[in-house]
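Note sheet for the following structure.
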DNA sequence: CCCGCAAACACGTATGTACGAGTTGAGGAG
DNA sequence: CTCCTCAACTCGTACATACGTGTTTGCGGG
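Next comes the structure, spelled out in structure tokens:
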């Protein structure tokens, strides 16, 4: 790696050696000396350059990996993470005019972007709701709900998991309780059943993924997830569905429009 | 820590030892055997329990810290992270009626929650905009903008930094270019200047914090940040302000209302 | 009884060693 | 020329050791 010149350590600094090294590499990435996809010098090369032990180098590399700046590939090296192009989720994605065109939001958006959407792991159960879900739906935790779990993929890559909860009173023996919820998705079905949707409330959190989520969404180290809790309300103010969605934060930008009124 | 019983290692598993140990502790946290704020057994105790080297224990603990589940406190121990009560940002926070009451959104919300809001590090400059900002404002990168940086604190704890950009053409020699932007904040001033605000578009990303952000927001390890880019549009569709906000993701839940239309 | 200080304890940083396992490319066999 | 093997390189895991620095606690002297 003669191409990349890293500074030497500052012997008087009280900053830990592994942090100084992480700083040097981070600077190189931010400067563009190490562009996306570039290979970071190997552990052995960095040991030689700085004259420190391997553990020190590994500590430094782990800092960068935790920041989501690099990924290590076993047997190949450490590389600057290249971020996939992000998808922007519009705030009108649940507008009725989209439903009336017969496609669920995810399918329509993805095809629009020229990619191939798919959905797998669809699982439908009638269960007692988690307490938080019962609260959002304003029902008793003893009332059963239909839960619809699924995973969304773009060009075969998993990008999002979601679980919807609908009171069983509403959804039982309807197409909502079928794996294929029909044209326009479950929101179209709810409206056919006479539940006129008025608005959704979407609560957005960000956090580090759980272990399962890392596996299911094939997340790189150092990538947080969005967790969205979306509740659908009818014009009467009745909550009829809660959807709990987890998505990789580096595949998405969420876009919302706020009225200035 | 006789209170907490951790399983033994599975000698036939091909899962790395440090991951198994991390799994055990994670399970204990999720089960509630290690409640919020509880002290995780010390490195020495875990070494003894599992009969492994300290580095192995430290690797395990680092996994959990990276997941945001624990924090290590030098000289004291490792503790289960307790999440502070979250603040919920309503989607009508920029409604005109709030501006007319003379308080900026942040101040009003925080006082409402019974906490003491403050703002520091206010810095106002006239600069050339970053290219991305110029694009959002639909101006040339050569046109100057007023940038207003500030940091928001709740009860003295920093929770959010923000930088607003307003075309200098609009804001020069107005109160917008003063540290104290007056009652109702800069949006009230813009409306007084004849820019009737119609709506905002807020783009939400989540990512791991940069080094500076960790320092400025006093972020715990394993806590991602939200980055919000909010653009204010007038009724004529003219973008008049862009605000780039970074906030700790564990102090906030963002809440948006979406029309079903 | 209280204060102060030292020991015990805890995590942080760093060195050195060893072996395992995935990837790659060069060189030799066919 | 092609294919295969193997060596070299790379990161992953784990052990042992040492010393630094911040925190807590308990003992002993005043």
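Residue numbers (the working numbering), protein chains in the order written: chain A, 1 to 261; chain B, 262 to 522. Just so you know, even glycine gets a beta-carbon here, dropped at the ideal spot from N, CA and C.
For a contact meaning CB atoms closer than 7 Å, what does residue i contact in chain A?
i             : result
residue 454/B : By Cβ distance, chain A contributes nothing, its closest Cβ being about 15 Å from residue 454/B, past 7 Å.
residue 459/B : 260
residue 483/B : 208
residue 399/B : By Cβ distance, chain A contributes nothing, its closest Cβ being about 17 Å from residue 399/B, past 7 Å.
Grouping DSSP H, G and I as helix and E and B as strand, with all else coil, what is residue i?
i             : result
residue 263/B : Confidence is the limiting factor: at residue 263/B the pLDDT is only 44, short of 50, which leaves the residue's position unreliable and the question unanswerable from this model.
residue 18/A  : helix
residue 74/A  : coil
residue 262/A : Residue 262/A is absent from the structure shown; chain A starts at 1 and stops at 261.
residue 469/B : coil
residue 113/A : coil
residue 236/A : coil
residue 502/B : strand
residue 301/B : strand
residue 63/A  : helix
residue 219/A : coil
residue 306/B : helix
residue 284/B : helix
residue 454/B : coil
residue 213/A : helix
residue 52/A  : coil
residue 404/B : coil
residue 356/B : coil
residue 31/A  : helix
residue 436/B : helix
residue 446/B : helix
So the candidates are the options; which of them puts its Cα closest to the Cα of residue i?
i             : options                       : result
residue 232/B : 267/B, 378/B, 521/B and 457/B : Outside the modelled stretch of chain B, which goes from 262 to 522, sits residue 232/B, for which no answer is possible.
residue 347/B : 356/B, 507/B and 374/B        : 374/B
residue 179/A : 169/A, 139/A and 126/A        : 126/A
residue 444/B : 357/B, 295/B and 345/B        : 357/B
residue 408/B : 390/B, 281/B and 494/B        : 390/B
residue 143/A : 41/A, 12/A, 33/A and 166/A    : 166/A
residue 421/B : 288/B, 335/B, 506/B and 398/B : 506/B
residue 432/B : 417/B, 311/B, 450/B and 416/B : 450/B
residue 44/A  : 152/A, 78/A and 239/A         : 78/A
residue 393/B : 517/B, 504/B and 271/B        : 504/B
residue 350/B : 335/B, 520/B, 343/B and 370/B : 370/B
residue 223/A : 396/B, 328/B, 399/B and 456/B : 328/B
residue 308/B : 296/B, 447/B and 270/B        : 270/B
residue 157/A : 192/A, 220/A, 69/A and 241/A  : 220/A
residue 268/B : 310/B, 300/B, 434/B and 295/B : 310/B
residue 331/B : 312/B, 299/B and 316/B        : 299/B
residue 290/B : 313/B, 266/B and 312/B        : 266/B
residue 457/B : 413/B, 475/B and 502/B        : 502/B
residue 500/B : 425/B, 335/B, 316/B and 520/B : 425/B
Have a look at the DSSP bridge pairing and note the partners of residue i.
i             : result
residue 269/B : Answer by DSSP bridge pairing: none, since residue 269/B is not bridged.
residue 508/B : 421/B and 487/B
residue 409/B : 385/B and 425/B
residue 87/A  : 252/A
residue 106/A : Paired residue(s): none; residue 106/A is not in a bridge.
residue 415/B : 378/B and 418/B
residue 199/A : 233/A and 520/B
residue 341/B : 331/B
Which chain B residues sit within Cβ distance under 7 Å of residue i?
i            : result
residue 67/A : 469
Closer than 9 Å by beta-carbon distance: list the chain B residues that pair up with residue i, in chain order.
i             : result
residue 201/A : 352, 516, 517, 518 and 519
residue 249/A : 466, 467, 468 and 485
Residues of chain A with CB closer than 8 Å to the CB of residue i, please, in chain order.
i             : result
residue 356/B : 259, 260 and 261
Are at least three pairs of beta-carbons, each pair with one atom in the stretch 204 to 218 of chain A and one in the stretch 227 to 242 of chain A, less than 8 Å apart?
yes
Does the stretch 117 to 128 of chain A come close enough to the stretch 95 to 103 of chain A to have 3 or more Cβ pairs within less than 8 Å?
no
Stretch pair the stretch 233 to 243 of chain A + the stretch 190 to 204 of chain A: three plus CB contacts closer than 8 Å:
yes
Stretch pair the stretch 269 to 283 of chain B + the stretch 250 to 258 of chain A: three plus CB contacts closer than 8 Å
no
Would the stretch 60 to 69 of chain A and the stretch 20 to 33 of chain A be scored as touching if the rule is three or more Cβ pairs under 8 Å?
yes
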